[in-house]
Amino acid sequence: MGRRLDQALVAELARQGSPCTRSQLARAFAAGKVCAADGAALKASRVVDAEVEVELELQAPEPLHATPEALPLTVVFEDEHLLVIDKPAGMVVHAGPGHSHGTLVNAVLHHLGIGAESLPVLPGNDATRPGIVHRLDRDTSGLLVVAKHMRAQEGLAAQFRRHSLRRRYLGVVRDAPTFAEKTLRTGHARDPIDRRRFTWEARDGRRAVTHVRTLQRLTGAAVLEFRLETGRTHQIRMHCRMLGHPIVGDVLYGGLGGPAAIRGLAEGLGRHALHAAVLGFQHPMSGDELDFESRLPPELRALIVALGGAEP
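Residue numbering for the sequence shown follows full-length UniProt numbering, starting at 1 and increasing by one per position.
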């Protein structure tokens, strides 16, 4: 069975150790920079089922710079060392391909009245991530911490490496699991077919551990609590897909399927139903234990009620 040429190219470039983003590849196709050996421009939708020689010219993405922007920001804790922020769904944490503005970093810089150069950048990160220690997906709401200086950032990063933070998420998943509690221990790596996703099946994957508890069984759905032992990208979303209980509204991991009533609610939600509800850590300077909680946002509380549950 054949595959689209753009999908095949993404997978092959990744296999060769030269990954590119889907947006980079889309721009190359649009500009006629993906050609056959005879120079004829190829279409992204072309189906290939055998080896084909392709000449590809990718444009380097424009450099991104973090600048202050006057955006709404809910700060639940702040001192001279760090901030704890309750991020809304729909806000990207830092700039990246397709998201050069409107990020949480832009909002933090405006809140502090400083430029990006005044916040620390961890070794290995780029200048688009000043102060960032960890991230939440764009459509995941809830709590995250931002460091104001390098000592605070390094102290927080060390706790993430030790997996000593207290992180609990709440999510609404499709169908009700039969288990009360379960611990998932899997590998974690990029999906070789769709590089936007992650898979538990890769042999060389990193360790991913999620502790899951069923809180409410709803009509065709359930409210689950997820306690992270590790914090890989898309870890909870990937594990829910593996269980056969995708997060409601999660387009990337199958959360728009199911009965018509569930599909309608998922499509109307406009986000995936996952919320970072609890964040606890040791203050990197004072050593005090800090714990914060964030209530489910109104649209997720309304979803639970619509599915026959009690409002959390």
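Virtual Cβ for every residue (Gly too), placed ideally from N, Cα, C.
{"Asked": "Proximity winner among Asp139, Val105, Thr214, Ser118, relative to Ile132 (alpha-carbon distances)", "Found": "Val105"}
{"Asked": "Assumed close pair His211, Arg227 - CB separation to whole angstroms, cut-off 8 Å", "Found": "4 Å"}
{"Asked": "Uninterrupted alpha helix (DSSP H) stretches inside the region 191-265 (no shorter than 4 residues)", "Found": "235-243"}
{"Asked": "At least 3 beta-carbon pairs within less than 8 Å: the region 157-173 vs the region 187-207", "Found": "no"}
{"Asked": "Exposure of Ser141, with buried meaning 16 or more beta-carbon neighbours within 10 Å", "Found": "buried"}
{"Asked": "Minimum C-alpha distance to Thr186 - residue among Leu303, Arg207, Asp38, Leu156", "Found": "Arg207"}
{"Asked": "Simplified DSSP state of Leu109, which is helix, strand or coil", "Found": "helix"}
{"Asked": "Among Gly96, Arg129, His134, Gly90, the one whose alpha carbon lies nearest that of Leu109", "Found": "Arg129"}
{"Asked": "Backbone CA spacing between Lys87 and Leu279 [nearest angstrom]", "Found": "13 Å"}
{"Asked": "Beta-bridge partners of His163, as assigned by DSSP", "Found": "DSSP output for His163 lists no bridge partner at all."}
{"Asked": "Span separating the alpha-carbon of Pro120 from that of Ala266", "Found": "38 Å"}
{"Asked": "Cross-strand partners of Gly142 (DSSP beta bridge)", "Found": "Lys87, Ala276"}
{"Asked": "Residue 313 to Leu5 span [Cα, whole Å]", "Found": "The question about residue 313 has no answer, for the chain in this structure spans 1 to 312."}
{"Asked": "Minimum C-alpha distance to Ala222 - residue among Ala116, Ala260, Asp38, Ala273", "Found": "Ala273"}
{"Asked": "Sheet register partners of Gln282 (DSSP bridge)", "Found": "Glu289"}
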